[in-house]
Amino acid sequence: MMFDNAAKPQPERSGPGAGLHVAVIMDGNGRWAANRGWPRLVGHRKGGERVRELVEACPRLGIRYLTLYAFSTENWKRSNEEVLGLMSLLSRYIRAEAKRLKREGVRLRFIGDRTRLAPDLQELMGWIEAETDANDLLHLSVAINYGGRDEITRASRALARDVATGKLDPDAMTQDTISRYLDTHFLPDPDLVVRTSGETRVSNFLLWQAAYSEYVFSPVLWPDFTPQVMADILTAFGQRERRFGGVSS
Ligand code: FPP
């Protein structure tokens, strides 16, 4: 269990867009490819290039935490070819980007249930997490075999176990306790959740964490999602007022 007592980090807010946590549902790869008569995997490959560009752009966009939904607990229902293709794209991304991520101050971590993933991918994930664990400029989290309900279920099991062994007093539990049992225990809650491709669903992404997040649904398909599109979204986001359930001051 990754339980720890450290206070959750909070983003710095020292300028427009500074220290933001932006989470992205990268949707539309399949349609982008289909529009061109190409196999879906070509869309995913192009999507991987957009990930590389966005990661590089984050420091100048003022994004300190970037969380990307790469593979959901529901994505296993896709064809074997597509699942294997996505898994291989993720392995290749880790191998190809390791040096650059390390050099450019990016700390890469994963959320989701990794126990169902191939052992060599799990090993690679653990390796890159250790390789980049001293980095602090950008905190990149990639969700693989992630689902919000699955995460809450796994956290509940761990909580119940800790109550049963006397490690946790149920009466002392707060919302913060729950946050610390989630995969995202090392992240602040997202300020902004972006979903691309015009779909307006949450799709089981960060259900607990996004309780007060702003949502932006962009019509752009993920393979066309440039850093400039993100910059425009952030400018619009900067003009929204977040009241966290309170009233305007
Ligand atoms: C959704 O598009 C996209 C995915 C299920 C995969 C996202 C993965 C990547 C962009 C690959 C690289 C990721 C990293 C972190 C290197 P879709 O296939 O559901 O599109 P559709 O709705 O048009 O069919």
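If you use this note's numbering, the sequence shown corresponds to residues 920 to 1168, in order.
The beta-carbon is built from N, C-alpha and C at its ideal position, and this holds for glycine as well.
Ligand 1 and residue i: does the residue's C-beta get closer than 7 Å to at least one heavy atom of that ligand?
| i | result |
| --- | --- |
| R1019 | no |
| H963 | yes |
| R946 | Per the sequence shown, the amino acid found at residue 946 is Asp instead of Arg. Yes, since a heavy atom of ligand 1 falls inside the 7 Å radius drawn around the Cβ of D946. |
| S1060 | no |
| W1141 | yes |
| A1150 | no |
| S1116 | yes |
| Y984 | no |
| Y1012 | yes |
| A976 | no |
I need the boundaries of the beta strand (DSSP E) containing residue i, first residue and last residue.
| i | result |
| --- | --- |
| R1026 | 1025 to 1030 |
For residue i, name the three-state secondary structure that DSSP assigns.
| i | result |
| --- | --- |
| R964 | helix |
| A1053 | coil |
| S991 | strand |
| N954 | coil |
| N948 | helix |
| Q929 | Since pLDDT at Q929 reaches only 46, below the 50 mark, its modelled position is unreliable, and the value read off the structure follows with that caveat. Three-state result, Q929: coil. |
Assign residue i to buried or exposed, taking buried as 16 or more other Cβ atoms, counted over all protein chains shown, within 10 Å of its Cβ.
| i | result |
| --- | --- |
| N948 | buried |
| Y1131 | exposed |
| R1114 | buried |
| N954 | exposed |
| Q1128 | buried |
| P1107 | buried |
| L1005 | buried |
| N999 | exposed |
| V1112 | buried |
| D946 | buried |
| G868 | Since the first residue of the chain shown is 920 and the last is 1168, residue 868 is not available in this structure. |
| E1016 | buried |
| S991 | buried |
| F1163 | exposed |
| T1011 | Before going on, a small fix: residue 1011 reads as Arg here, not Thr. With fewer than 16 Cβ atoms within 10 Å of its Cβ, R1011 is classed as exposed. |
| L1056 | exposed |
| L1003 | exposed |
| A925 | Because the pLDDT at A925 is just 40, under 50, the model does not fix this residue reliably, and the point stays unresolved. |
If I follow the unbroken alpha helix (DSSP H) through residue i, where does it start and stop?
| i | result |
| --- | --- |
| F1156 | 1146 to 1157 |
| R1080 | 1067 to 1083 |
| T1096 | 1094 to 1100 |
| Q1041 | 1038 to 1050 |
| N999 | 999 to 1022 |
Strictly by DSSP, which residues pair up with residue i?
| i | result |
| --- | --- |
| Y984 | H940, H1058 |
| L1111 | V941, E1133 |
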